[in-house]
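Single-structure report; data block below.
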Amino acid sequence: MKVLKFGGTSVGSVENMANVKDIINDGTQKIVVLSAMSGTTNSLVEIAKNIKALNPNAALQSINTLHGKYTNVISKLISEEALKNEVENYVSERFNFLKVSAKKPFTQIVENEILAQGELMSTFMFNAYLKQEGISSTLLPALDFMKIDAHKEPSFHEIEEKLSAVLDAADTAEIYITQGFICLDAKGEISNLQRGGSDYTATIIGAAIKAEEVQIWTDIDGMHNNDPRFVEGTKPISDLSFDEAAELAYFGANFTPTNCASCKRRRYSC
Ligand code: ASP
Ligand code: MG
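Following the UniProt record's numbering, the numbering of the sequence shown begins with 1 at its first residue and continues without gaps.
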């Protein structure tokens with residue numbers, strides 16, 4: 001089985017979700033790991049910051065703005081009335097949870113619970129969308145198998161065992177959808193694999209199921225010679241050795257370029 005991970009931009013609009021659907025709907029069984037819709041985790045971080053700063057009204061305002069954005073996406077994504085109600089209800093529950101959290105005293109647990117809502121919503125919405133399009137899919141809740149230990153490292157054997165049990169118990173489907181980023185910690189509280197952690201989720205799952213391949217899909221046509229968000233006219237690299245790719249990956253798929261040691265310009269290296 002393959003594991004395919006799609007980032008926030010890929011699930012950030014109805015058009016992009018339709019593209020993801022076309023990519024994954026090739027008749028083979030796979031696990032699809034999704035991030036939160038683009039911008040969501042940043043908004044959730046802001047909401048948590050406002051709660052921490054004892055500014056629940058600012059938090060509530062951001063929660064309502066974000067809810068509006070989701071309602072808009074759902075109205076375009078799901079046309080079937082019953083399914084749309086189901087998705088709207090789920091998303092409203094998540095936003096109600098955020099509103100309740102805004103009134104709680106701030107703790108790390110409250111923050112982690114807030115940050116988890118983005119992936120919970122994107123996967124629920126996308127799974128419903130696949131159902132609407134007649135594609136066989138099932139949600140695998142990441143919180144049922146993704147665990148980190150007291151050192152915040154993945155509890156690999158537990159993940160392997162739990163994921164295998166979750167897959168056995170799940171309705172057989174062609175596409176299994178799960179949340180990137182989120183996990184439970186050693187105490188069973190909601191936690192995460194740090195910002196950008198969905199790629200890590202995909203590779204942990206890939207190792208746990210001994211996947212034939214893990215694919216990290218993103219909104220760029222390959223590995224470029226520089227970061228196009230910062231540098232104009234970048235080009236995809238035609239060949240990259242495993243070691244070079246590993247070095248880049250070590251700095252994170254979304255690595256922020258620092259100044260090159262030799263030319264002092266803002267790039268990874270010359
Ligand atoms: N949604 C999380 C983030 O924005 C995880 C991820 O996208 O990989 O950091
Ligand atoms: Mg990423």
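For glycine and all other residues, C-beta sits at the position ideal for the given N, C-alpha and C.
Keep in mind that this is a model prediction, so the values were computed, not measured.
With DSSP run on the structure shown, which of helix, strand or coil describes residue i?
{"i": "V3", "result": "strand"}
{"i": "T9", "result": "coil"}
{"i": "V32", "result": "strand"}
{"i": "T138", "result": "strand"}
{"i": "L184", "result": "strand"}
{"i": "P236", "result": "strand"}
{"i": "S43", "result": "helix"}
{"i": "residue 318", "result": "With the chain represented from 1 up to 270, any question about residue 318 goes unanswered, as that position is not in the structure."}
{"i": "H224", "result": "strand"}
{"i": "I175", "result": "strand"}
{"i": "A215", "result": "First, the residue type needs correcting, since residue 215 is Gln and not Ala in the sequence shown. Note: Q215 maps to strand in three-state DSSP."}
{"i": "F255", "result": "Here F255 scores only 45 on pLDDT, less than 50, and its place in the model should not be relied on; the value that follows carries that caveat. If DSSP states are grouped into helix, strand and coil, F255 belongs with coil."}
{"i": "Y268", "result": "Only weak support exists for where Y268 lies, its pLDDT of 43 falling under 50; the coordinates are left without a value."}
{"i": "N25", "result": "coil"}
What do you reckon, are the CB atoms on residue i and residue j nearer than 9 Å?
{"i": "K104", "j": "I51", "result": "yes"}
{"i": "S62", "j": "E46", "result": "yes"}
{"i": "M125", "j": "V73", "result": "yes"}
{"i": "L143", "j": "L98", "result": "no"}
{"i": "M223", "j": "A246", "result": "no"}
{"i": "A208", "j": "L163", "result": "yes"}
Chain B beta carbons: is any one of them nearer than 9 Å to that of residue i?
{"i": "K30", "result": "Within the model displayed, chain B is absent; a lone protein chain is all it includes."}
For residue i, which residues in the same chain have their Cβ closer than 8 Å to its Cβ, ignoring the five residues on either side in sequence?
{"i": "P56", "result": "N50, A102 and K103"}
{"i": "A170", "result": "T138, L140 and Y176"}
Exposed or buried, residue i, counting other C-beta atoms within 10 Å across all chains shown (16 or more means buried)?
{"i": "K76", "result": "exposed"}
{"i": "T28", "result": "exposed"}
{"i": "D239", "result": "exposed"}
{"i": "K210", "result": "exposed"}
{"i": "F156", "result": "exposed"}
{"i": "T201", "result": "buried"}
{"i": "T123", "result": "buried"}
Quick one: what's got a C-beta closer than 6 Å to residue i's C-beta in the same chain, skipping five residues either side?
{"i": "T203", "result": "V214"}
{"i": "A59", "result": "I47, N50, I51 and A102"}
{"i": "T41", "result": "G118"}
{"i": "L66", "result": "S43"}
{"i": "residue 288", "result": "One cannot answer for residue 288 here, as it falls past the ends of the chain, which runs 1 to 270."}
Sorry if obvious, but does the Cβ on residue i come closer than 8 Å to a heavy atom of ligand 3?
{"i": "D219", "result": "Absence of ligand 3 from the depicted structure is noted, with ligand 1 and ligand 2 being the only ligands included."}
What does a CB cutoff of less than 7 Å around residue i pick up in its chain, not counting 5 residues either side in sequence?
{"i": "I78", "result": "K84, V87, A128, Y129 and Q132"}
{"i": "Y70", "result": "V91 and M121"}
Given 8 Å as the limit, is there contact between the region 174-188 and the region 115-135, that is, 3 or more CB pairs closer than that?
Enough Cβ pairs lie closer than 8 Å, so yes.
Can you confirm whether the region 103-122 touches the region 185-195 when touching is taken to mean that 3 or more C-beta pairs between the two stretches lie within less than 8 Å?
Contact between the region 185-195 and the region 103-122 is present, because at least three Cβ pairs lie under 8 Å.
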